[in-house]
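Numbering (our numbering), first residue to last: 850 to 1113.
For every residue, glycine included, the Cβ atom is placed at its ideal position computed from N, Cα and C.
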């Protein structure tokens, strides 16, 4: 019996996957059989990524590319198709966040977040969809956020971008579902990565960091997520097991969005 979760013979492009969430997702896709292609904005980051994949026994293909540059993306996708093959799976993972109160944020800073977190997924998706149409199938996974649904202090640009990405996900589904292309999102909760490590440090008095306490109290699972928690959902959305799932955002958040919080 065929395994509907197998990605054997598939080529997956995961943007910004030298480390962190993108790296964990790429490793899970590789474990399921996919050939991994990734990009980053600098050669040194690509080299670090290649070394990290090699350490895990994964032969990845790394490219330097700025995902906000449409001409560069089109050229990189053409190069990937020539050197590796047509992309079957795209994971729009590359992203940034600027935690700045709205009244202190400049329009330029706002635009930078929108450019990376919303315009880039549009640009990269636009580059891979034509070959997916020709091939007769394709999977696009946009890394959304709980901020696709919720607001929070200091993240106006990020929330605007991730809310827009949710709707871009639905619109790609609407326009290209007839070509057997499924576009879905994953909305990670609070994930324990090196970037969030300072928020989880034990304080000098032995207590947990206030933000750590806040997140654990708001999460029914009572823990931060691990990057590996995103692997299974990514494999599902990248595989034939999700062929009739389209325009959906799967929140991998330990239950935060379902929970009103403890009574004080």
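Give the secondary structure of residue i by DSSP, where H, G and I count as helix, E and B as strand, and everything else as coil.
i, result
"residue 864", "strand"
"residue 1012", "helix"
"residue 1100", "strand"
"residue 1040", "strand"
"residue 1000", "coil"
"residue 1074", "strand"
"residue 928", "helix"
"residue 877", "helix"
"residue 1005", "helix"
"residue 1088", "coil"
"residue 872", "helix"
How far does the alpha helix (DSSP H) with residue i in it reach, from first residue to last?
i, result
"residue 1063", "1059-1067"
"residue 984", "969-984"
"residue 1111", "Premise fails: residue 1111 is in no alpha helix (DSSP H) and is neither H nor E."
"residue 1051", "Premise fails: residue 1051 is in no alpha helix (DSSP H) and is neither H nor E."
"residue 963", "956-963"
As a quick exercise: from the options, pick the residue whose alpha carbon is nearest that of residue i.
i, options, result
"residue 862", "918, 1109, 925", "925"
"residue 1095", "942, 1009, 1028", "1028"
"residue 959", "1087, 1008, 980, 1106", "1008"
"residue 937", "903, 976, 1036, 1001", "976"
"residue 932", "878, 912, 919", "912"
"residue 855", "864, 873, 880, 947", "880"
"residue 947", "940, 961, 1038, 852", "961"
"residue 905", "1056, 860, 867", "867"
With which residues is residue i paired in a DSSP beta bridge?
i, result
"residue 887", "863, 911"
"residue 988", "938, 1031"
"residue 858", "According to DSSP, which records beta bridges pairwise, residue 858 is partnered with nothing at all."
"residue 906", "DSSP output for residue 906 lists no bridge partner at all."
Does the beta-carbon of residue i have 16 or more other beta-carbons within 10 angstroms, so that it is buried, or is it exposed?
i, result
"residue 981", "buried"
"residue 996", "buried"
"residue 1051", "exposed"
"residue 955", "exposed"
"residue 1082", "buried"
"residue 1062", "exposed"
"residue 952", "exposed"
"residue 1023", "exposed"
"residue 928", "exposed"
"residue 1056", "exposed"
"residue 1112", "exposed"
"residue 892", "exposed"
Which residues bound the beta strand (DSSP E) around residue i?
i, result
"residue 1032", "1030-1037"
"residue 939", "938-941"
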